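Reminder that position 54 of the first sequence reads as 56 in our numbering, one-by-one numbering, no gaps. C-beta: ideal position from N, C-alpha, C; glycine also. As the structure is a computational prediction, the values presented were derived from the model and not from experiment. Report on the structure given below.
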Amino acid sequence: MSLIDKDRFNKLYDSDPPQYSDAIAIQKELKDKVVSKNGFNQIKTVAGADLAILKDEKKLVCGIIVFSYPELNEIERTWEVVDEEFPYIPGLLAFREGPAIIKTYEKLKEKPDVLILDGHGIAHPRGFGIACYVGVLLDIPTMGIAKKRLYGTHQEPRDVLGSYEPLFSKNGEQIGVALKTKKKTKPVFISAGHKIDLSTSKKIALMCVRGYRIPEPTRLADKYVAELKRGLANNA
DNA sequence: GCGACAG
DNA sequence: ATCTTGTCGC
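Written as C-alpha cells, this is what we have:
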C-alpha cells in the first residue's frame with residue numbers, strides 16, 4: 003500500500019473512535035485509481051476469501067482458497083489471524099476486513115488471476131467497496147459477490163438460473179447486476195473490483211455456481227474460516 | 001428528520 | 001458477521 007501514507011492508515015486505526023471521516027476521504031481519493039479494464043488474458047485460477055470473528059480474542063480470521071478455473075479444483079489454501087481494529091460500518095467494511103485479506107493474500111504461493119471478495123466492488127455509495135479496496139492496494143484483479151444490496155436500485159430478476167437485472171447508481175450508471183444463481187432464492191450482487199469489467203465478473207460468478215446460491219469460491223472460503231474458527235477456539 | 005445499511 | 005429451533009417450500 004504505497005498509494006497512501008502508511009502513517010495516515012495507522013492513524014485511522016490507532017485513534018480510539020476510528021476516524022470515519024478520513025476513511026471516507028480515502029475512499030474518495032482511491033476511487034480514481036480503479037481500473038475497469040481486464041488486467042489478464044486467460045483466467046486459469048480464481049480465489050475466494052472470507053472472514054470469521056474470534057470474539058474472545060478480538061481478532062479476525064481470514065481464509066483464502068485458490069481454485070483452477072473453470073474446473074474449480076482446489077490448488078491452495080491459507081489463513082491468517084489479525085487484530086480486530088475497526089468496527090463494522092456499512093460502507094466502510096474494507097477498513098475492517100481489508101487488512102486481514104491483504105495479509106493473507108501475501109502468504110499465497112499461487113497468486114490467483116482473479117480474487118473474489120465477499121462484498122461489493124464498484125456497487126458502493128462512493129464507488130469504492132471492499133473489492134476495489136483490496137484490488138487497488140494490491141494492484142490485482144478483484145470482483146465482488148455480495149449476498150445483499152448496499153447501494154443502487156434494480157428490478158427483481160426472473161426466477162431462472164442465470165437471469166439478471168442491472169444495478170444502477172443514482173446517476174443512472176450501471177454499477178453491477180442482481181444475478182439469479184439458484185431458483186427460488188434471492189439473487190446475489192455482482193460488481194467489478196479492480197482490473198476487471200462487469201461482464202467478465204458476471205461470467206466468472208456464473209461459472210462458479212455449483213448448485214448453491216453462493217458461488218463456490220466464496221461458499222468454500224466461508225466453510226474454511228468456520229473450521230478455522232472452531233479449531234482456534236478449542237486450541238485457545 | 002426518516003429510512004437504508006456489504007460483513 | 002453471529003445467535004439459534006423449528007419449519008415452510010421445493
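Please tell me whether residue i and residue j are closer than 8 Å, where the distance is taken between their beta carbons.
i	j	result
Glu96	Tyr153	Correcting the residue type first, residue 96 is Ala in the shown sequence and not Glu. No, they are not a contact pair.
Ile147	Ile192	yes
Lys149	Val190	yes
Met145	Ile55	no
Glu78	Lys60	no
Val68	Glu31	no
Ile66	Leu110	yes
Val179	Val63	no
Leu94	Ala125	no
Trp81	Leu230	yes
Lys8	Val138	no
Lys204	Tyr166	yes
Ser17	Thr47	no
State the CB to CB distance for the pair residue i and residue j, rounded to an integer number of angstroms; the pair is presumed to be in contact (CB under 8 Å).
i	j	result
Ala49	Pro219	6 Å
Ile6	Ile28	6 Å
Gly195	Gly123	4 Å
Tyr90	Arg98	6 Å
Phe130	Lys33	5 Å
Met209	Pro72	5 Å
Got a sec, what are the start and stop residues for the alpha helix (DSSP H) residue i sits in?
i	result
Val227	Glu218 to Asn237
Ala207	Leu200 to Met209
From which residue to which residue does the beta strand (DSSP E) around residue i run?
i	result
Ile45	Here Ile45 belongs to no beta strand (DSSP E), and DSSP marks it neither H nor E.
Gly123	Taken as a continuous stretch (DSSP letters only), Gly123 belongs to no beta strand (DSSP E), as it is neither H nor E.
Leu62	Lys61 to Ser70
Hey, would you say the C-beta of residue i is under 7 Å away from at least one heavy atom of the ligand PLP?
i	result
Val68	As presented, the structure is devoid of all ligands, the ligand PLP included, so that no description of it is given.
Starting from the N-terminal side, write out each stretch of the beta strand (DSSP E) that is 3 residues or longer and does not extend beyond the region 8 to 39. Restricting attention to beta strand (DSSP E) runs no shorter than 3 residues, the region 8 to 39 encloses none.
Alpha helix (DSSP H) segments (min. 4 residues) lying fully within the region 81 to 116: Complete alpha helix (DSSP H) runs here, min 4: 95 to 107.
To test your reading of the DSSP string, which unbroken alpha helix (DSSP H) runs of 4 or more residues are found completely within the region 140 to 193? You should have found no qualifying run.
For the 8 Å Cβ check, are there 3 or more pairs between the region 201 to 220 and the region 172 to 190? These segments touch.
Touch check for the region 47 to 67 and the region 106 to 120: three-plus C-beta pairs under 8 Å? Contact between the region 47 to 67 and the region 106 to 120 is established, with three or more Cβ pairs separated by less than 8 Å.
Taking contact to mean at least 3 C-beta pairs separated by less than 8 Å, is the region 14 to 33 in contact with the region 200 to 208? As far as the Cβ criterion goes, the region 14 to 33 does not touch the region 200 to 208, which means the pair count is below three.
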